[in-house]
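Under the working numbering, the letters of the sequence shown match residues 29 to 144, in that order. Note that the Cβ used here is the ideal one computed from N, Cα and C, for glycine as well. All figures in this text were calculated on a predicted structure; none of them were measured in a lab. For reference, the structure is listed below as structure tokens.
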Amino acid sequence: MQGTFRPDRAPAALPAAGDGPRMPRGFARRDPAAAKWWKELVEVLPWLTIADGPALLLLCRHMARADEAAATMATDGVTAVDTVHGGGLKQSPAALVWARESAAAARLLGSLGATV
Numbered sequence: 029m030q031g032t033f034r035p036d037r038a039p040a041a042l043p044a045a046g047d048g049p050r051m052p053r054g055f056a057r058r059d060p061a062a063a064k065w066w067k068e069l070v071e072v073l074p075w076l077t078i079a080d081g082p083a084l085l086l087l088c089r090h091m092a093r094a095d096e097a098a099a100t101m102a103t104d105g106v107t108a109v110d111t112v113h114g115g116g117l118k119q120s121p122a123a124l125v126w127a128r129e130s131a132a133a134a135r136l137l138g139s140l141g142a143t144v
């Protein structure tokens, strides 16, 4: 196509493209904690596209599980009684879950272009 750009005929503002990832149907009902992260991350990562949806879904689930583990550690502490090996203290299983989920979330954030 050829032609001359006419600013008087151009739209005042371009409409929103709507290219961002869409939350899967029923996701907010099935996993409300992860859906909270979805809404927050879509706002702060405006460059995401529809193709990033599956990675974003996985990232939100990792973030929600890390939040749950952090909440468990906040109430129960970072240590637990080792009932198998003499009753001493050991690291809380929630701490291990938090570390694993946080590391997975960090890798996914990097793959989505959200590096520092």
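Counting C-beta pairs closer than 8 Å gives fewer than three between the segment 115-122 and the segment 64-78, which falls short of the contact rule.
Counting C-beta atoms within 10 angstroms of its own C-beta, A102 has fewer than 16 neighbours from the protein chains shown and is therefore classed as exposed. Counted as a single uninterrupted DSSP element, the beta strand (DSSP E) harbouring L117 occupies residues L117 to Q119. Annotated three-state conformation of A108 is strand, per DSSP. The beta carbon of T100 sits closer than 6 Å to those of A122, all from its chain and outside the five residues before and after it, given in chain order.
As the crow flies, the alpha-carbon of R50 is around 19 Å from that of S139. Taking a C-beta distance under 8 Å as the contact criterion, L84 and L69 qualify as a contact pair.
Counting along the chain, no alpha helix (DSSP H) covers R53, and no H or E run does either.
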